[in-house]
Amino acid sequence: MTYKKEFAPACDRNSRVILDVLCNILSRTESVLEIGSGTGQHAVYFARHLPHLRWIPSDRPGQLDSIRAWSLEARLSNLMPPEEVDLLDDETEINPVDAVVCINTLHIVAWQGTARLFQLVAENLLAGGIMYVYGPYRYADQLLAPSNESFDEWLKVRDPVSGVRDFEAVNQLAIEAGLELQGDIAMPANNRSIWWQKRGV
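Under the working numbering, the very last position in the sequence shown is 211; numbers go up by exactly one each time.
Dropping the structure here:
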């Protein structure tokens, strides 16, 4: 069967800067589940540059063919077949892993999907494991950058359930999932890299 590759310019723009962060925080990690893999570009890029990791892409059913297309072309032994993970499906389950990576997804999926993600992390991220997210966030003590205000408005017009998320609300979900905040750093284009570690080491 032939699969068609999709392409997202944003993935090309942010891959290198995200990789720089992942190299530091996933140096002792073995298995990574990527939530919301989209086109599959990130999965191939990170699996190629982080060969010590077993990279597991995932997304909703409609995205899996593009991920398969990128994966089949790359032929990387550490890149696993994509798994179906729909955060809006209460029946969705994931296998235990020692890291979860979620890039530019939380502002797209409905809030209930974000809550479901952290529930899955609470149940399946191994002790000492890393949960990493990338994207734009609001902070209670900071004004939202004009570009992110415009982006938030565009997201809500496109789909009212989407929008730039409040960091404090996301962090509260993380705390309830047994995670401790380890880092929150500024990235290009007013994005953030944020990561937590699962308690119990």
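For each residue, glycine too, the CB sits at the ideal point set by N, CA and C.
If you draw a straight line from the C-alpha of residue i to the C-alpha of residue j, how long is it?
i, j, result
"Tyr149", "Val143", "15 Å"
"Gln51", "Asn134", "25 Å"
"Thr102", "Pro156", "36 Å"
"Val180", "Thr124", "8 Å"
"Asp151", "Glu178", "10 Å"
"Glu75", "Lys15", "As written in the sequence, residue 75 is Asp, which differs from the Glu given in the question. Roughly 8 Å separates the two Cα atoms."
"Asn200", "Asp99", "31 Å"
"Ala168", "Ala120", "At residue 168 the sequence reads Arg, which differs from the Ala that was named. Each residue's alpha carbon lies about 12 Å from the other."
"Glu159", "Leu130", "30 Å"
"Val31", "Gly48", "20 Å"
"Glu163", "Gln122", "20 Å"
"Asp22", "Leu29", "12 Å"
"Phe161", "Ile35", "28 Å"
"His62", "Cys33", "11 Å"
"Gln182", "Gly193", "15 Å"
"Pro19", "Thr115", "16 Å"
"Ile77", "Arg70", "11 Å"
"Pro170", "Ser41", "34 Å"
Does residue i come within less than 8 Å of chain C when only Cβ atoms are used?
i, result
"Ala53", "Any reference to chain C falls outside this structure, which holds one protein chain only."
Check the C-beta distance from residue i over to residue j and give it rounded, since I have them as a contact under 8 Å.
i, j, result
"Ala174", "His117", "A quick correction: the sequence has Val, not Ala, at residue 174. Right, their Cβ atoms sit about 5 Å apart."
"Ile104", "Val95", "6 Å"
"Ile140", "Trp205", "6 Å"
"Phe128", "Ala57", "Not quite, the Cβ-Cβ distance comes to about 25 Å (not below 8 Å), so this is no contact."
"Leu97", "Arg126", "5 Å"
Would a C-beta distance cut-off of 8 Å place residue i and residue j closer than the cut-off?
i, j, result
"Ala79", "Tyr13", "yes"
"Tyr147", "Arg209", "no"
"Pro106", "Leu136", "yes"
"Ala109", "Ser81", "no"
"Ser87", "Tyr55", "no"
"Gly46", "Ala132", "no"
"Gly145", "Gln207", "no"
Buried or exposed: which applies to residue i, given that a residue is buried once 16 or more other Cβ atoms fall within 10 Å of its Cβ?
i, result
"Phe17", "exposed"
"Leu153", "exposed"
"Ala196", "exposed"
"Gly72", "exposed"
"Glu186", "exposed"
"Glu190", "exposed"
"Glu44", "buried"
Discussion item. Quick check: the segment 66-77 against the segment 85-104, are at least 3 beta-carbon pairs closer than 8 Å?
Written reply: yes
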